[in-house]
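**Q** So that you can map any letter, position 552 of the sequence shown is 1666 in my numbering, and since no number is skipped, the others follow by simple counting. Glycine included, each C-beta is placed from N, C-alpha and C at the ideal position. Let me give you the structure first, and then I'll get to my questions.
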Amino acid sequence: MMESLISFMQQHRYLGELFTFLIAFAESLPIIGTIVPGSLTMTAVGIMIGSTILPPIPTLSWAVAGAFIGDYIGFWLGTHYKSRITEVWPFSRYPSWLNKSQAFFEKHGVKSIIIGRFIGPVRSTTPLIAGLMDMSIWKFFAAALPSAILWAILYVTPGIILGALSLEVPHGKATRVILIGFGCILLIWGVFWLIQFSFRQIGKGINALIDYWWDWLNRHPKPHRFIQWITRRPQPNDHHQLTMMLISAVSFALFLVLFFMVKSHTAFTQLNPAVFYMLQSLRNTSTDYLFCLFTLLGSTPVTLGYAFILTAWFTSQRDWRTMRFWLLLITLTVSVYIFKFLMHSPRPDGFMDVSHSSSFPSGHTLRAYTILTFAAYLLCQRIPHKLRPLIIWPTAILIILVGLSRLYLGAHWFTDVLASYLIGTAILLLVITCFRRHAWQLEAPRYWFLIVFLVGLFLPWLSYSIYDIQKLHYATTPAWPTAKTTIEKWWAAPTPFIPTYRLNRFGQPIRPFNIQWAGYADEIERRLRDSGWEILGDHLTLQSAAQRLASNRPEYHSPIFSQLYRGESPTISLYKKMKKDSEIVELRLWESGVKYTDSPKPLYVGSIDYHIELPKQYSMQSFSSSVIISNDAIKELIPNLAGLRHQIVVLPDDRILKQAKHLTWNQKLLVIWDL
């Protein structure tokens, strides 16, 4: 099927380019563009580009031309018909379509032409509104052309990747790869749309509920006093005050619930080791330094230095009202530390230097969250509305990265960081609600505060980072346990030096260590490859991804992520084919961390398993395409050990973990000594 399509389209390329132009053109027209599924059709175009059916540059050029011309027609209609457009069907029947686009255009201005193309409800009508609102044609061209180029590239890229994958698979398998990939793209698009729709409906429901509560509280004498206290004097009907107070109360309640859950070690805390092990499996030196930099942003010297600089600024400006709320925020933030004394929660261990202070909640995350967010809020009150996203988004990203850095570096558990965000939200919304109660008069945008905001933050942050980042990096470096012994002692008793199981990226036993091999890696690999073993591809590449989709052979279905032990990938990864194409034997060996005092040879530890691809009817029933069996797999290696000293050790039952009972293993360990 795929081969026939390729042959036809290569002989009639102009049809593909014409199809591309018409789809891009229709997707950009008012109203029609809302109906045309541009994301799916342009993915199909991308598949033809990636499959070399269509030339990339001309096809993309036609897509850009179609999108740009469609936008211009919408702009011309708005310019030509002006307000009369509201009398034309379907706008006369559905005026909300234009109202939404007009509100979007008034909020974002010229940027709406660029970003509106990627937002469903306003995608096709934004150029129409731009013309209706008398936007300069040159401004429109300056925004519409980059928008069309960006849209064309982004929408065809998934298809190009999918088409390129189809070229890497065996003959006759391309159709299957494309259908599976296209189905995945369709599923992702559907889930994304469903999430957007759900959030819109939830938002509408919450707003209606808040309106009802506001009216109900106003009608009753006792609750009315509370409403009077939180009412924003400049805008008495601003229901956001009640919304923020409710969110603050709920956040504080959730924080208390989390506190008692951690104290009682409930099932929810089982997330902690899973998140910890998962993030530790992603570590490398480059990202270690990056996250050390982010974690220093929440350190005590940096946050206190920043707080002092802003306090001095408010004092110099005699802005006593702002300073009172600023000091209130700092006081409430510091008061949270009482929970560290109410409960001692040990921190994650296994690092060069582990703090002995209580882990719950994360002080770095809390300080960065409350102090930076409130400072950003104060700055946003002093600058034009259109500039506020330039402050809000970078601040939000920094705050998230501080919390993530505490998890990545192993300084805190997941519940510690979550608790800091919860109590921080409660503090921030309480202080902001109180701050908003009275009018705050500003003569003009005060860009001096922007300078203080940025310099006051980056000066202590960068200064302290230069001083402390090396020390922090050393302290948060994983300290893997090591053992020393003589090679004879190891041979006599090999089990005490190595764990029984290798853990997965969530800290759960995933495979038994059923082989130990004392020898040099290059000699081990040379011996086995001479005996018919082959290199096992453990890293995901474009070719391996295509082979995974197109073939059921087990050698193409290794785990997507590299298998780790002590934070490292296998030193040796080999496989040997069996008589059946659906069966192979896999061997993976890692450096063990055991050093011999009387021999320079390293000790490798690993797993040798059968990897069997299941027939389709069984894989559908078990939700898995393959099964890994460790029983007796060591017998497939023994014929290749001629001239090597080896023995089989049976592990006692007390070495078998309860949570690993499901692993198929006869408790036999193959020990090899390359003399």
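(1) What is the DSSP secondary structure of residue 1450, reduced to helix, strand or coil?
(2) For residue 1507, count neighbouring C-beta atoms within 10 Å of its own C-beta (all shown protein chains included) and say buried if the count is 16 or more, exposed if not.
(3) Comparing C-alpha positions only, which one of 1605, 1589, 1707, 1691 sits nearest to residue 1403?
(4) What are the residues that DSSP puts in a beta bridge with residue 1764?
(5) Mind the definition here: the stretch 1510-1526 touches the stretch 1432-1441 only if three or more C-beta pairs lie below 8 Å; say whether that holds.
(6) For the stretch 1166-1181 against the stretch 1256-1271, do three or more pairs of beta-carbon atoms, one drawn from each stretch, fall closer than 8 Å, so that the two count as touching?
(7) Tell me which residue opens and which closes the beta strand (DSSP E) that residue 1598 is part of.
(8) Assuming residue 1402 is part of the alpha helix (DSSP H), what are its boundary residues?
(9) Identify the continuous alpha helix (DSSP H) that holds residue 1192 and give its terminal residues.
(10) Over the uninterrupted alpha helix (DSSP H) stretch that includes residue 1644, give me the two end residues.
(11) State the beta-bridge partners of residue 1723 as determined by DSSP.
(12) Helix, strand or coil for residue 1395? Go by DSSP, reduced to three states.
(13) Taking only beta-carbon atoms, is residue 1745 less than 9 Å away from chain D?
(14) So, under 8 Å CB-CB, residue 1603 and residue 1709 are touching, yes? Tell me the CB distance rounded to an integer number of Å.
(15) From residue 1128 to residue 1168, what does the alpha carbon distance come to, in whole angstroms?
(16) Reducing DSSP to helix, strand and coil, say where residue 1611 ends up.
(17) Is the distance from the Cβ of residue 1633 to the Cβ of residue 1748 below 9 Å?
(18) Straight-line CA distance for residue 1622 to residue 1505?
(19) In this structure, how does DSSP classify residue 1592 when only helix, strand and coil are distinguished?
(20) Tell me whether residue 1620 sits in a helix, a strand or coil according to DSSP, three-state version.
(21) So what does residue 1682 bridge to, in DSSP terms?
(22) If we ignore side chains and look at the alpha-carbon of each, how far apart do residue 1595 and residue 1680 end up?
(23) Within the chosen definition, does the stretch 1610-1626 reach the stretch 1774-1785 through at least 3 CB pairs nearer than 8 Å?
(24) Please report the Cβ distance between residue 1376 and residue 1521, rounded to the nearest whole angstrom; I am assuming they are in contact, meaning their Cβ atoms lie under 8 Å.
(25) Please check the pair residue 1130 and residue 1156, which I expect to be a contact at CB under 8 Å, by giving their CB distance rounded to whole angstroms.
(26) Can you grab the Cα-Cα spacing for the pair residue 1721 / residue 1401, in whole Å?
(27) Between the beta-carbon of residue 1767 and the beta-carbon of residue 1601, is there less than 9 Å?
(28) Since residue 1650 and residue 1700 should fall inside the 8 Å C-beta cutoff, what is the C-beta to C-beta distance between them, to a whole number of angstroms?
(29) For residue 1746 and residue 1780, I'd like the C-alpha separation in whole angstroms.
(30) Pop quiz: residue 1546 and residue 1358 are said to be a contact at Cβ under 8 Å. What is the actual Cβ separation, rounded to whole angstroms?
(31) Are the stretch 1561-1580 and the stretch 1521-1531 touching, with three or more C-beta to C-beta distances below 8 Å?
(32) Within this structure, are the beta carbons of residue 1142 and residue 1187 separated by less than 9 Å?
(33) Could you check the C-alpha separation between residue 1764 and residue 1686 for me, to the nearest Å?
(34) Give me the Cα-Cα distance between residue 1227 and residue 1240, rounded to the nearest whole angstrom.
(35) Beta carbon of residue 1716, beta carbon of residue 1635: below 9 Å?
(36) Which residues share a DSSP beta bridge with residue 1626?
**A** If we stick to the structure as given:
(1) Coil at residue 1450, not helix or strand.
(2) In the assembly as shown, residue 1507 is an exposed residue. Its beta-carbon has fewer than 16 other beta-carbons within 10 Å.
(3) Of 1605, 1589, 1707, 1691, the residue nearest in Cα terms is 1589.
(4) Partner(s): 1782.
(5) By the Cβ test, the stretch 1510-1526 is not in contact with the stretch 1432-1441, since fewer than three Cβ pairs between them sit closer than 8 Å.
(6) Three or more beta-carbon pairs separated by less than 8 Å link the stretch 1166-1181 to the stretch 1256-1271, which places the two stretches in contact.
(7) Counting along the chain, the beta strand (DSSP E) containing residue 1598 begins and ends at 1597-1599.
(8) Boundaries of the alpha helix (DSSP H) harbouring residue 1402: 1399-1411, taken from the DSSP string.
(9) Element bounds for residue 1192: 1170-1195.
(10) Looking at the DSSP string, the run of the alpha helix (DSSP H) that includes residue 1644 is 1635-1644.
(11) According to DSSP, residue 1723 bridges with 1700.
(12) Coil.
(13) In the structure shown, chain D cannot be found, because there is only a single protein chain.
(14) Residue 1603 to residue 1709, Cβ: 12 Å. No contact.
(15) Distance from the CA atom of residue 1128 to the CA atom of residue 1168, rounded to whole angstroms, is 9 Å.
(16) If DSSP states are grouped into helix, strand and coil, residue 1611 belongs with the helices.
(17) Using a Cβ distance threshold of 9 Å, residue 1633 and residue 1748 do not count as a contacting pair.
(18) Taking the straight line from one Cα to the other gives about 42 Å.
(19) Residue 1592: strand per DSSP, three-state reduction.
(20) Under the three-state reduction of DSSP, residue 1620 is assigned to coil, being neither helix nor strand.
(21) DSSP output for residue 1682 lists 1679 as bridge partner(s).
(22) C-alpha separation (whole angstroms): 9 Å.
(23) Contact check between the stretch 1610-1626 and the stretch 1774-1785: three or more CB pairs, one atom from each, fall below 8 Å, which counts as touching.
(24) That pair is no contact at about 15 Å.
(25) That pair is no contact at about 12 Å.
(26) If I take the Cα positions, the gap works out to 30 Å.
(27) No. Outside cutoff.
(28) Between the beta-carbon of residue 1650 and that of residue 1700 there is about 6 Å, and that keeps the pair under the 8 Å contact cut.
(29) The alpha-carbon atoms of residue 1746 and residue 1780 are separated by roughly 7 Å.
(30) Confirmed, about 7 Å.
(31) Under the Cβ criterion (8 Å, minimum of three pairs), the stretch 1561-1580 does not count as touching the stretch 1521-1531.
(32) In this structure, residue 1187 lies closer than 9 Å to residue 1142 by Cβ.
(33) When rounded, the distance between both Cα atoms is 24 Å.
(34) The straight-line gap from Cα to Cα measures roughly 6 Å.
(35) The answer is yes: Cβ separation under 9 Å.
(36) Answer is 1615, bridged to residue 1626.
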